[in-house]
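**Q**
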Amino acid sequence: MKKLIFITIFLLVQAASAQQKIVPWTWQKSDCQTCGVKFQLVGDINANQDMDKKEKFIRFMMSLEPSSKMALDAYDLDATARTMTFLYALSSEKETILKIYNSDPQEYNLLAHIAVGILGQESRFFAHWRYFIKRNSQLAIKEIKEFKALIKDKDAIANSKGPTQIKDVPDRISQHYNIVEADLWNPKFAAVSTMGFLIEALRELKQRAKNNNLTMINDKTYVDYLPYLYFGGAQKLVNRTATPETNIYVKNMKKFMKKVSVSEVVK
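Going by the working numbering, the first residue of the sequence shown is number 233, and it counts up by one from there.
1) Can you tell me the Cα-Cα spacing of GLN338 and ALA414, whole angstroms?
2) Would you give the residue range spanned by the beta strand (DSSP E) that GLN265 belongs to?
3) Between which residues of its own chain and LYS490 is the CB-CB distance below 8 Å, once the five residues before and five after are set aside?
4) Under 8 Å by Cβ, that's how I've got MET485 and GLY349 pegged, so tell me the actual separation to the nearest angstrom.
5) Under the assumption that PHE357 contacts THR315 (Cβ atoms under 8 Å), give the Cβ distance between them as a whole number of angstroms.
6) Whose CA, out of ASP400, THR396, VAL424, ALA474, lies closest to the CA of TYR320?
7) PRO419 lies in the alpha helix (DSSP H); which residues open and close that run?
8) Please check the pair GLU477 and GLY268, which I expect to be a contact at CB under 8 Å, by giving their CB distance rounded to whole angstroms.
9) Which residues mark the beginning and the end of the beta strand (DSSP E) in which VAL498 is found?
10) Go ahead and label THR473 buried or exposed: buried means 16 or more other beta carbons lie within 10 angstroms of its beta carbon, across all protein chains shown.
11) In whole angstroms, what separates the C-alpha of GLN397 from that of LEU416?
12) Nearest-angstrom Cα distance between PHE292 and VAL494?
13) For THR500 and GLN467, I'd like the C-alpha separation in whole angstroms.
14) Do you know offhand how far HIS360's Cα is from THR258's?
15) Can you tell which of THR317, ILE480, ASP451 has its C-alpha closest to the C-alpha of GLY465?
16) Where does ALA311 land, buried or exposed, given buried means 16+ other C-beta within 10 angstroms?
17) If I follow the unbroken beta strand (DSSP E) through LYS253, where does it start and stop?
18) How far does the alpha helix (DSSP H) with PHE292 in it extend, from its first residue to its last?
19) Taking only three categories from DSSP, how would you classify LYS399?
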């Protein structure tokens, strides 16, 4: 009986796959409004390849302590699995998030691709030792910030959390998925939260471009200027001092975007 059920499920999956057509996706070259999106890793995840000599030395020093080395090794082993969960969430939650924000499907694909680049920049796809440090020291970071704020009589700045280093879960995402800040370490919740932030940021970017006559910002350059809202560089946009062609964050983000191929699933 179990064998029959397995065969039936397998045949149904095969039939569903046969009805789907997967085609390469390129921003501004596709206009499909009902297609799904699929992300495929290109090559392996290896944080060491993307670290400079100083960063490699720091990781080496961290690995000298047995318990830290064990934790680092564990993070390395499942970084690919967590990345795959992140990518799958970007694909599987597309329809839901589009409904939440009444957003454009093609813009969603672009923003999801940017989210992948941010994931690489901020945590090297879950594999960088800096992500390991942040993941395991959030309480200490929070206490330090609150102490400094107390001395200065100011509100403490929220910690950036998760593999894409978000400070706050967007309200619409939080309400729909019932996510709190502590959940941002979960790959799926990090993915949907990052998408919510980027959708809202793109709307803000368009409005800033309109209000301030920022003619350099258009659909061809969203990938260049949207990151400025992500890492707190909005004033550079208004002052027209943003230089995405030389900005390290933007350059790295684009590099990591190339770590995945993007396809549309024609239903």
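A virtual CB, placed ideally from N, CA and C, is assigned to each residue, including glycine.
**A** Judging by the given coordinates:
1) 30 Å
2) Premise fails: GLN265 is in no beta strand (DSSP E) and is neither H nor E.
3) VAL274
4) 4 Å
5) 5 Å
6) VAL424
7) 419 to 443
8) Actually they do not touch by this definition, with Cβ atoms about 33 Å apart.
9) 492 to 498
10) exposed
11) 8 Å
12) 35 Å
13) Residue 500 lies beyond the stretch modelled for the chain, which goes from 233 to 499, so this question has no answer here.
14) 29 Å
15) ILE480
16) buried
17) 253 to 256
18) 285 to 295
19) coil
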